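Per the numbering used here, the sequence shown runs over residues -15 to 328.
A quick write-up on the structure given underneath.
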Amino acid sequence: MKFLDEAKVYVRSGDGGPGCVAFRREKFIEFGGPNGGDGGRGGDVWVECVEGLNTLIDYRYQQHFKAKKGEHGMGSNCHGANGADVVLKVPAGTEILAEDGERIIADMTEVGQRVRLARGGNGGFGNAYFTTSTNRAPKHANPGLEGQEMWIWLRLKLIADAGLVGLPNAGKSTFLATVTAARPKIADYPFTTLHPGLGVVRSDAREFVLADIPGLIEGAHEGVGLGDKFLAHVERCRVLLHLVDGTSEHAGKSYKLVRGEIEAYGHGLSEKPEIVALSKVDALDPDTLKNQVARLKRAAKRTPLVLSSASGRGVPEALRAILAEIEGAKAAEAEAQPAAPWQP
């Protein structure tokens, strides 16, 4: 199944059914009367966050979703049936945006969350509704109201506690495969990872979700390489693990390059807590390792972790650092939330 994180779809709610003009015609009843029923209400368009989905691939092959129209009213005061609703099922982390791609209509972050995108039209009144003391036999009814229609964008941002960033071939996928049950593609050439990946990390009797995105290169914010569109998948992360390839020519320059792309992307990503680690250290001799650590420390203005995902060196320390940042972020979020009102 291919990974699709953006789709444009057309939605339309159902029109209301028209009311009916009818009169009683029954044997042995001297005076008839209006008995036209009301039309049924048109169906709504809903979007619902469900489990078991991690891509928007379903919306590549179907882009139009229309709710059913309400049935028209009938005689004998029979009201028309309401139109069936349409439900768009999306994975957690999906944003619903207006056609301009800027205004956010809804942010689907929790399983079970349900939002109405378009309300169905009301059904028209039948002529029985218009009966009054002075108008005993109305001969008109209302047509149903039209439904709403719109184009919307579905944009998926994966929900993870921690995210991996770095240059292509920096060891991100190897780290993900080492600490989780995920099996991303791993090879010795750049841009092995073409789609974001998720894995669940279990460490010290605790769990968190780790996201891996394709590598960034210079000019990614301008669309170079795979661009920076995948950075949206780490916007919701509480902490970033920045892996720098120890076998690169200059670890400090590699760090600054990726950091510059993150700052150019914006959206508050550069303000997130960051853990810096030098990867692939088992491939370095002691002198080269010392030089690369010193370069990275000067560039990042902090002492980097030293790890090798292949041998497991430094991996437990990295996981503990990530867990500490996640717990700190959760505590800060809990303090920022307003207290629930007291109820007797």
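Note that CB positions come from ideal geometry on N, CA and C, so glycine has one too.
Remember, it's a predicted structure, so these values are computed and weren't measured experimentally.
Just the Cα atoms here: how many angstroms apart are residue i and residue j?
| i | j | result |
| --- | --- | --- |
| Asn38 | Leu142 | 8 Å |
| Thr287 | Leu262 | 10 Å |
| Ala283 | Ser254 | 15 Å |
| Ala302 | Ile259 | 8 Å |
| Asp(-1) | Gly183 | 44 Å |
| Gly298 | Val290 | 6 Å |
| Glu133 | Arg25 | 16 Å |
| Ala121 | Pro18 | 6 Å |
| Gly27 | Gly1 | 11 Å |
| Gly128 | Gln46 | 28 Å |
| Phe15 | Glu83 | 56 Å |
| Arg9 | Thr118 | 21 Å |
| Asn275 | Ala267 | 14 Å |
| Ala248 | Gly147 | 18 Å |
| Ala(-9) | Phe109 | 39 Å |
Going by DSSP, name the residue or residues bridged to residue i.
| i | result |
| --- | --- |
| Tyr(-6) | His48 and Trp135 |
In three-state terms, what does DSSP make of residue i?
| i | result |
| --- | --- |
| Pro18 | strand |
| Gly238 | Checking the displayed sequence, the identity of residue 238 turns out to be Ser instead of Gly. DSSP places Ser238 in helix when its eight states are reduced to three. |
| Ser263 | strand |
| Thr78 | strand |
| Ser314 | Checking the sequence, you will find Lys at residue 314 rather than Ser. Three-state result, Lys314: helix. |
| Phe(-13) | coil |
| Gly147 | strand |
| Ile88 | strand |
| Leu224 | strand |
Going by C-alpha distance, which of the options is nearest residue i?
| i | options | result |
| --- | --- | --- |
| Gly85 | Ala315, Val(-7) and Phe(-13) | Val(-7) |
| Leu241 | Trp30, Ala121, Tyr45 and Leu151 | Leu151 |
| Ile246 | Arg279, Ile197, Ala294 and Lys281 | Ile197 |
| Trp30 | Ser238, Val185, Lys314 and Ile89 | Ile89 |
| Asp(-11) | Leu225, Gly77, Trp135 and Thr164 | Gly77 |
| Gly36 | Phe12, Gly20, Met58 and Lys73 | Lys73 |
| Ala6 | Phe114, Arg(-4) and Lys156 | Phe114 |
| Ala305 | Val277, Asp145, His48 and Val218 | Asp145 |
| Glu130 | Ser292, Thr116, Gly105 and Asn153 | Gly105 |
Which ranges does the beta strand (DSSP E) cover as unbroken runs of at least 3 residues, wholly within the segment 250 to 298, from first to last along the chain?
Listed in chain order, they are 258 to 263.
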